[in-house]
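Undergrad: Please find one structure pasted underneath; my questions will follow.
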Amino acid sequence: MHPGKLNKNQLANFALYFNSGVEHWVVDRMASFDHFIVRAVTFRGAKNNIINRAFTKQITTFAIFYDGSDGNVIQNSRFDTMKESARKNDNCSILFFQGSGYKSFSMKNNKILNNEFVNQNDAIQIARQTYDGVLQEANCEGTIIDNNHISLRPNIYTDGNGNYTPNGERAYAENAMDFKAASENVNNPVIITNNILWGFRRSDKTDSHCDDAGGALATHFNTPNMVIEDNIIFDSAGGFGSGDSRNYTLALENTSIKRNLFYRVGQYPNSTSRSTTAMQLTEVDTTTIQHNVFINCRHKLGLMAWNKKGVTFINNDIINCPDAEIRNNIGGIYEFETSPRIEYTKDLKFTTDNYTNNQKTMTLENVLKK
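Residue numbers for the sequence shown follow the numbering used here, beginning at 146 and rising by one.
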């Protein structure tokens, strides 16, 4: 039985440290809960290990990957509600990272598959810092993030002043995924596919280090060679944003963004405040944005500004998005037609909380082709 379905008195707290030379371990049904430890799993140069059916609740970070950690898998796990102080301090559930004393780092072919992340700050992040005033060189080629459910729930929403309220438009949290590096190998991209992301809100900054506009997916600081396809983002303040505050030439390069569904982004239930965008990509080059579907999204939608040559935005269906536009682009191919080619009248149903005793069925109405 999955540990997420057991009572606490049936579980034992557990933590792991995989050092260099640790290879081909399989760890099944581990649990860490109730402030037991800051970090449950450390990969420091370990390779080809599998964490299966893990469960966490009220801890800080589940796993950190350091330089040289290749081919590891985290799968079929439930990461439930990061403790409040950790969310306020801008922590991550799964983090790819190397300290500022390193000029560069590399982690290859790691996989995050079939997991449920609930009420984390950042669920998954590839981060990097500066070395002698220069941003680290980073290569996380071959990372695959597939078929995960990542959500914020009403029990951590706030009013923006630190008070919890289920109808709040803020949260002590940031993104589902935040990438500050990607792949340096055009033949081995970072792959983000078949994930369902929902419930994201602008960050509550009250006594907090959280600071985000509420996007489910974000990229910064030059993230080349990515595949972002067949994902669903809904009921969130923002969808997918790419930008660069470190003066890199490009924030997003050689990337495929296809067949993603953006539903009620910026127009989640009971929203009254100005929201961010379903998709706002800046400093983009050699990127194809095709066959995506935008339904009932509010505020600006398209490729907003400062995009470079080689951007292709075609064959996207944009339905009931009255503020959609593209502007200030330097080059590329853009077809911006807000009349859908095919009617979307079928509902999408999926189950979540599958690793608990309270499985839920969720329905997105009129989002599939007739």
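Here a beta-carbon is modelled for each residue, glycine too, at the ideal position from N, C-alpha and C.
Quickly, what does DSSP pair E374 with across the bridge? List them, please.
TA: Beta-bridge pairing links E374 to T338 and K403.
Undergrad: By the three-class DSSP mapping on this structure, what secondary structure does I301 have?
TA: Here I301 sits in helix by DSSP.
Undergrad: Determine, using beta carbons only, whether F210 and I239 come nearer to each other than 9 angstroms.
TA: A contact, by the Cβ cut-off of 9 angstroms.
Undergrad: Is A268 closer than 9 angstroms to N320 when the C-beta atoms are compared?
TA: Contact flag set, yes.
Undergrad: Could you give the residue range of the beta strand (DSSP E) that holds A361?
TA: G360 to T364 is the extent of the beta strand (DSSP E) around A361.
Undergrad: In whole angstroms, give me the CA-to-CA distance for S387 and H365.
TA: Near 6 angstroms, if we compare the C-alpha coordinates of H365 and S387.
Undergrad: Using only alpha-carbon positions, find the residue among T275, S348 and K253 that is nearest to S335.
TA: It should be noted that the sequence gives Val, not Ser, for residue 335. Measuring from the Cα of V335, the nearest candidate turns out to be K253.
Undergrad: Output needed for N306: all residues of its chain with C-beta closer than 6 angstroms, excluding positions within five of it in sequence on either side, in chain order.
TA: Same-chain partners within the cutoff: T351.
Undergrad: Just list the residues that DSSP pairs V512 with in beta bridges.
TA: The partner list for V512 (beta bridge, DSSP) is empty, contrary to what the question assumes.
Undergrad: Alpha carbon to alpha carbon, how far is M371 from E286? Give it in angstroms, no decimals.
TA: One C-alpha to the other measures close to 9 angstroms.
Undergrad: Quick one: Cα of E510 to Cα of Y489, how far?
TA: Looking at the two C-alpha atoms, the distance is approximately 9 angstroms.
Undergrad: Can you give me the C-alpha to C-alpha distance between T310 and I301, rounded to a whole angstrom?
TA: Each residue's alpha carbon lies about 8 angstroms from the other.
Undergrad: Can you list the beta strand (DSSP E) stretches of 3 or more residues lying completely in the segment 189–220, in chain order?
TA: Listed in chain order, they are 195–197, 200–202, 206–211 and 218–220.
Undergrad: Is it true that the CB of I377 sits closer than 9 angstroms to the CB of L397?
TA: Cβ atoms of L397 and I377: not closer than 9 angstroms.
Undergrad: Output needed for A191: all residues of its chain with C-beta closer than 6 angstroms, excluding positions within five of it in sequence on either side, in chain order.
TA: Cβ within range, chain order: F163, V167 and S214.
Undergrad: Closest by CA to N460, which one among Q265, D323, A283 and R404?
TA: Out of Q265, D323, A283 and R404, R404 has the C-alpha closest to the C-alpha of N460.
Undergrad: Using a C-beta cutoff of 9 angstroms, does G455 count as contacting chain B?
TA: The structure shown contains no chain B; it is built from a single protein chain.
Undergrad: Tell me which residue opens and which closes the alpha helix (DSSP H) that R232 is part of.
TA: Residues E229 to K233.
Undergrad: What did DSSP end up calling Q425 once you bin it into helix, strand or coil?
TA: Looking at Q425 - three-state DSSP - the assignment turns out to be strand.
Undergrad: Please classify I337 as buried or exposed, where buried requires at least 16 other C-beta atoms within 10 Å of its C-beta.
TA: The residue in question, I337, is buried, as its Cβ has 16 or more Cβ neighbours within 10 Å.
Undergrad: Who are the near neighbours of M322 in its chain, counting only those whose CB is closer than 6 angstroms to its CB and skipping five residues on each side?
TA: Contacts found: I269 and L362.
Undergrad: In chain order, what residues of the same chain have a beta carbon less than 8 angstroms from the beta carbon of H354, not counting five sequence neighbours either side?
TA: These residues qualify, in order along the chain: K233, N234 and D235.
Undergrad: Between N194, A272, F495 and K248, which lies nearest to T282 when the distance is taken from Cα to Cα?
TA: A quick correction: the sequence has Glu, not Thr, at residue 282. Of the candidates N194, A272, F495 and K248, the one whose C-alpha sits nearest the C-alpha of E282 is K248.
Undergrad: If you reduce the DSSP assignment to three classes, tell me which class G386 lands in.
TA: DSSP places G386 in strand when its eight states are reduced to three.
Undergrad: Got a sec? Which residues, its chain only, sit under 6 angstroms from A318 by beta carbon, not counting five neighbours each side?
TA: The residues are R232, N266 and L297.
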